[in-house]
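So for the sequence shown, the working numbering puts the first residue at 410; every next one is plus one.
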Amino acid sequence: MDYMSGKRLDEVWDILDSSPKVSIADELHSYINQLRDLKGEYIGAVDRGKAILRHYAKYAFTDNHDIVFTHSDIAPRNILVEGGHVTAILDWEDAGWYPAYWEYYTRALRQLKPVPDWPEYLPVIFLPNMRENMWAWAS
410 MDYMSGKRLD EVWDILDSSP KVSIADELHS YINQLRDLKG EYIGAVDRGK AILRHYAKYA
470 FTDNHDIVFT HSDIAPRNIL VEGGHVTAIL DWEDAGWYPA YWEYYTRALR QLKPVPDWPE
530 YLPVIFLPNM RENMWAWAS
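As structure tokens, this is what we get:
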């Protein structure tokens, strides 16, 4: 394991003004798009998970969305920043191939430690149509 410089974003977000927040959101958007360029043929974790979970995943999700590589836990506690820029994204154990809307859906609805105004930057971080598409899992 390597040492990565920076501070956790949830520890410094409150003291940042809007300019570095937008810069960080734009960088995260770019990184997420790079991950999404990696297409998958199955839904699930990198290690493919248990066979029974793969079996149920085939039926739990619609097939009208690209299956893309996803961090699955983009949250301020998992992002290191320094000088207004992202230095590392941590906590990759949930990473895998999921529908394109998955990252937005899990981040928008699951906040362990709410960070003031972080949700306002989610549309910048994720593709603009993710909010509408996140409900596709139910259709």
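Think of the CB as a built atom: it goes at the ideal place given N, C-alpha and C, for glycine as much as any other residue. None of these values were measured; they are calculated from a predicted model.
Among the options, nearest to residue i - alpha-carbon criterion
{"i": "W506", "options": "V533, I476, S428 and E420", "result": "I476"}
{"i": "A509", "options": "W527, V490, G449 and S427", "result": "G449"}
{"i": "S481", "options": "I433, I452, G492 and L489", "result": "I452"}
{"i": "F535", "options": "V421, Q443 and W422", "result": "Q443"}
Span of the alpha helix (DSSP H) around residue i
{"i": "Y440", "result": "S427 to R445"}
{"i": "V421", "result": "L418 to V421"}
Inter-residue spacing [alpha-carbon to alpha-carbon] between residue i and residue j
{"i": "D411", "j": "T515", "result": "28 Å"}
{"i": "E529", "j": "G415", "result": "23 Å"}
{"i": "S492", "j": "S439", "result": "Looking at the sequence provided, one finds Gly at residue 492 rather than Ser. Approximately 18 Å, taken between the alpha carbons."}
{"i": "F478", "j": "A434", "result": "19 Å"}
{"i": "L418", "j": "P485", "result": "5 Å"}
{"i": "V495", "j": "L437", "result": "8 Å"}
{"i": "S577", "j": "E502", "result": "Residue 577 falls outside the range modelled here, since the chain spans only 410 to 548, and no answer is possible."}
Within-8 Å CB hit, residue i to chain B
{"i": "L425", "result": "Of the protein chains in this structure there is only one, and it is not chain B."}
Exposure label - residue i; buried when at least 16 CB within 10 Å
{"i": "V455", "result": "exposed"}
{"i": "I483", "result": "buried"}
{"i": "I424", "result": "exposed"}
Residue i: first and last residue of the uninterrupted beta strand (DSSP E) it sits in
{"i": "Y530", "result": "Unbroken run through Y530 is the alpha helix (DSSP H), W527 to I534; no beta strand (DSSP E)."}
{"i": "H494", "result": "H494 to I498"}
{"i": "E491", "result": "I488 to E491"}
{"i": "I476", "result": "I476 to T479"}
{"i": "G505", "result": "G505 to P508"}
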